[in-house]
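The structure under discussion appears below in the form of structure tokens.
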Ligand SMILES: Nc1ncnc2c1ncn2[C@@H]1O[C@H](COP(=O)(O)OP(=O)(O)O)[C@@H](O)[C@H]1O
Ligand SMILES: [Mg+2]
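Chains as they are written, first to last, in full-length UniProt numbering: chain Z, 1 to 257; chain S, 1 to 245.
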């Protein structure tokens with residue numbers, strides 16, 4: 001316990017030092033405050049927004065976009081990925097075209113989505129869903145195809161039908177790779193929400209970035225960056241805790257006491 | 001009980017697998033299939049278990065039991081995400097209703113205390129015991145074993161052979177055991193079928209009438225061992241001459 005605290009303390013030294021230097025530099029006027037305001041100014045602006053009530057509005061709309069895009073992208077990836085991983089025919093039918101789509105940098109879709117769906121929520125959520133889809137899809141397919149044939153034979157000995165094989169062997173066996181997929185999918189979701197909100201939004205953390213640039217208020221930009229970092233880290237930690245709880249059975253380095 | 005008639009399953013243009021195998025297994029009998037590696041023993045067992053099909057011939061499992069054959073593979077093949085108990089109940093649609101059964105078979109293989117353990121915490125012998133309990137739990141009419149102990153150390157191996165005999169004493173399970181270990185076959189089986197050649201064919205059949213459990217130092221078994229050994233050696237000499245050149 002004590003050594004763990006020591007380790008955390010060790011990791012804190014540099015950040016604390018940097019923030020102190022930054023604060024001092026801003027206060028002493030070494031850096032222009034219109035370029036880089038002091039950390040306390042950034043914190044103050046966050047608190048101010050929180051008191052006005054706008055902070056929650058921005059955070060919640062961004063969370064909604066990431067959440068909706070993540071769910072849609074993951075759901076599509078689960079269905080299509082399961083089919084492609086399990087049925088050879090589906091693989092031959094779907095995988096080539098999906099691989100072709102994957103080679104399009106996802107941000108290149110933005111103009112098309114804006115043209116089709118306008119500047120509202122659907123185009124943003126779609127963009128995020130597309131970003132989330134691919135890592136989840138790829139990991140599900142490789143997870144399913146990597147399931148040990150020998151375990152599947154055990155199911156066959158008991159005359160399991162396809163559904164039972166999927167539910168009782170293939171799903172649990174491919175869970176680790178699925179969880180890797182949704183974690184990297186979520187990471188991409190956060191990246192794409194920034195892109196979507198930069199390109200046209202009147203609310204959201206990404207909009208704060210644009211607003212900060214247009215009104216020359218760097219504290220807004222930095223506040224938004226910090227909030228993005230905190231939310232991204234927080235949601236990833238959530239998935240990570242689900243992961244480590246559902247994968248206790250794995251015989252790997254992480255689970256070694 | 002189990003009747004196999006002129007069954008063949010060939011691979012590689014008829015250069016591997018087994019052919020023209022005929023034998024029957026009576027209820028409560030332990031039959032050993034003995035042969036050198038590559039003579040199609042695993043293939044035969046896979047065909048018997050329904051994991052593979054015969055090219056020709058018939059396989060008949062006549063009995064009243066709902067589940068056909070139980071299989072014990074060379075590796076335990078446990079589901080790593082399930083506890084030992086849930087692994088034992090893996091064949092059941094609704095495992096939570098059959099805790100009693102699981103407890104019975106776990107105690108039969110001496111693993112009662114490990115019901116809640118995960119496979120990653122088991123030794124090789126314990127994992128294979130779990131696999132035995134899993135195969136027994138579905139009350140198969142015949143238990144098929146494919147070199148079940150060949151990956152274990154000599155001591156654990158003997159323990160599990162004796163465990164298998166204890167289980168047989170208690171449940172009179174019909175078994176077909178594939179092995180390449182002559183001593184194992186002579187210690188456990190009522191009848192030994194020797195396969196040789198590639199594809200494997202039946203070269204000989206021995207009835208071992210000494211009552212079980214047998215002593216491992218039983219001299220009367222040594223004559224069988226010698227005979228079986230000479231058959232296997234003879235069937236291999238052709239190959240060896242070929243490979244020396
Ligand atoms: N599905 C298959 N396709 C092609 N060859 C196979 C297949 N299964 C087994 N064989 C071949 O059949 C031979 C006998 O295999 P096996 O039954 O495993 O022998 P044993 O268990 O007696 O060592 C091996 O040479 C193997 O390569
Ligand atoms: Mg084999």
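Where is the CB? At the ideal position from N, CA and C, for every residue including glycine.
Since the structure is predicted, the reported quantities are computational estimates derived from the model, not experimental observations.
Three-state class that DSSP yields for residue i in the structure shown
i, result
"residue 240 (chain S)", "Residue placement at residue 240 (chain S) is flagged as unreliable, the pLDDT there being 48, under the threshold of 50; the coordinate-derived value follows with that caveat. It is helical."
"residue 245 (chain S)", "Legend: pLDDT at residue 245 (chain S) = 37, less than 50; position of this residue unreliable, value from coordinates given subsequently. Of the three classes helix, strand and coil, the one that applies to residue 245 (chain S) here is coil, per DSSP."
"residue 149 (chain S)", "coil"
"residue 83 (chain Z)", "helix"
"residue 182 (chain Z)", "helix"
"residue 14 (chain S)", "helix"
"residue 226 (chain Z)", "helix"
"residue 82 (chain S)", "coil"
"residue 248 (chain Z)", "coil"
"residue 174 (chain S)", "coil"
"residue 242 (chain Z)", "helix"
"residue 122 (chain S)", "coil"
"residue 142 (chain Z)", "helix"
"residue 31 (chain S)", "strand"
"residue 160 (chain Z)", "coil"
"residue 101 (chain S)", "helix"
"residue 298 (chain Z)", "This structure cannot speak to residue 298 (chain Z), because chain Z is shown only from 1 to 257."
"residue 214 (chain S)", "coil"
"residue 77 (chain S)", "coil"
"residue 40 (chain Z)", "helix"
"residue 199 (chain S)", "coil"
"residue 4 (chain Z)", "helix"
Proximity test, residue i beta-carbon vs ligand 2 heavy atom, cut-off 7 Å
i, result
"residue 217 (chain S)", "no"
"residue 49 (chain S)", "no"
"residue 153 (chain S)", "no"
"residue 42 (chain S)", "yes"
"residue 236 (chain Z)", "no"
"residue 147 (chain S)", "yes"
Beta-ladder partner(s) of residue i, from DSSP
i, result
"residue 204 (chain S)", "S:194"
"residue 5 (chain S)", "S:58"
"residue 16 (chain Z)", "BP columns for residue 16 (chain Z) are empty, so no partner."
"residue 228 (chain S)", "Its beta-bridge partners do not exist; DSSP assigns none."
"residue 69 (chain S)", "S:142"
"residue 23 (chain S)", "S:4"
"residue 179 (chain S)", "S:34"
Any non-hydrogen atom of ligand 1 within 7 Å of residue i CB
i, result
"residue 11 (chain S)", "yes"
"residue 39 (chain S)", "yes"
"residue 185 (chain S)", "no"
"residue 90 (chain Z)", "no"
"residue 108 (chain Z)", "no"
"residue 69 (chain S)", "no"
"residue 14 (chain S)", "no"
"residue 197 (chain S)", "no"
"residue 300 (chain S)", "In the structure displayed, chain S extends from 1 to 245; residue 300 (chain S) sits before or after that span and is not available."
"residue 17 (chain S)", "yes"
"residue 35 (chain S)", "yes"
Near-chain S residues of the region 232-245 of chain Z - C-beta to any C-beta below 8 Å: Listed by position along the chain: nothing, the set is empty.
Closer than 8 Å, Cβ to Cβ, to anything on chain Z: give me those residues from the region 69-80 of chain S, in chain order. Against chain Z - using a Cβ distance shorter than 8 Å - the residues of the region 69-80 of chain S are 69, 70, 71, 73, 75, 77, 79, 80.
Mind listing which residues of the region 146-163 of chain Z have their C-beta closer than 7 Å to chain S's C-betas, in chain order? Residues of the region 146-163 of chain Z with a Cβ closer than 7 Å to any Cβ of chain S, in chain order: 150, 151, 153, 154, 156, 157, 158.
Do the region 100-110 of chain Z and the region 122-140 of chain Z meet, that is, are 3 or more Cβ pairs less than 8 Å apart? Judged by Cβ distances under 8 Å, the region 100-110 of chain Z makes contact with the region 122-140 of chain Z, as three or more pairs qualify.
Contact between the region 2-12 of chain S and the region 83-101 of chain Z is defined here as three or more beta-carbon pairs at a separation below 8 Å; is this criterion met? No, the region 2-12 of chain S does not touch the region 83-101 of chain Z.
Meets three-Cβ-pair contact criterion under 8 Å: the region 105-120 of chain Z and the region 47-62 of chain Z: The region 105-120 of chain Z and the region 47-62 of chain Z do not touch, with fewer than 3 CB-CB distances between them shorter than 8 Å.
The region 3-22 of chain S: positions lying closer than 9 Å to chain Z by Cβ: Result list empty, no residue passes.
Between the region 96-103 of chain S and the region 33-52 of chain S, do three or more beta carbon pairs fall short of 8 Å? Between the region 96-103 of chain S and the region 33-52 of chain S, the count of Cβ pairs shorter than 8 Å is below three; the stretches do not touch.
Tell me which residues of the region 114-141 of chain S have at least one Cβ-Cβ distance to chain Z shorter than 8 Å, keeping chain order. Under the 8 Å Cβ criterion, the region 114-141 of chain S contributes 118, 119, 120, 138.
Cβ contact check for the region 130-148 of chain S and the region 169-177 of chain S: 3 or more pairs under 8 Å: For the pair of segments examined, the region 130-148 of chain S was found to touch the region 169-177 of chain S: the number of CB pairs separated by less than 8 Å reaches three.
Against chain Z: residues of the region 99-114 of chain S by CB proximity under 9 Å: Those would be none; no residue qualifies.
At a Cβ cut of 9 Å, what residues of the region 32-54 of chain S count as close to chain Z, listed as they run along the chain? Within the region 32-54 of chain S, the qualifying residues are 46, 49, 50, 51.
Cβ contact check for the region 29-45 of chain Z and the region 217-233 of chain Z: 3 or more pairs under 8 Å: Segment contact: the region 29-45 of chain Z against the region 217-233 of chain Z, three or more CB-CB distances shorter than 8 Å; contact assigned.
Which residues, in order along the region 25-54 of chain Z, keep a beta-carbon less than 7 Å from a beta-carbon of chain S? For the region 25-54 of chain Z, no residue has a beta-carbon sitting nearer than 7 Å to a beta-carbon of chain S.
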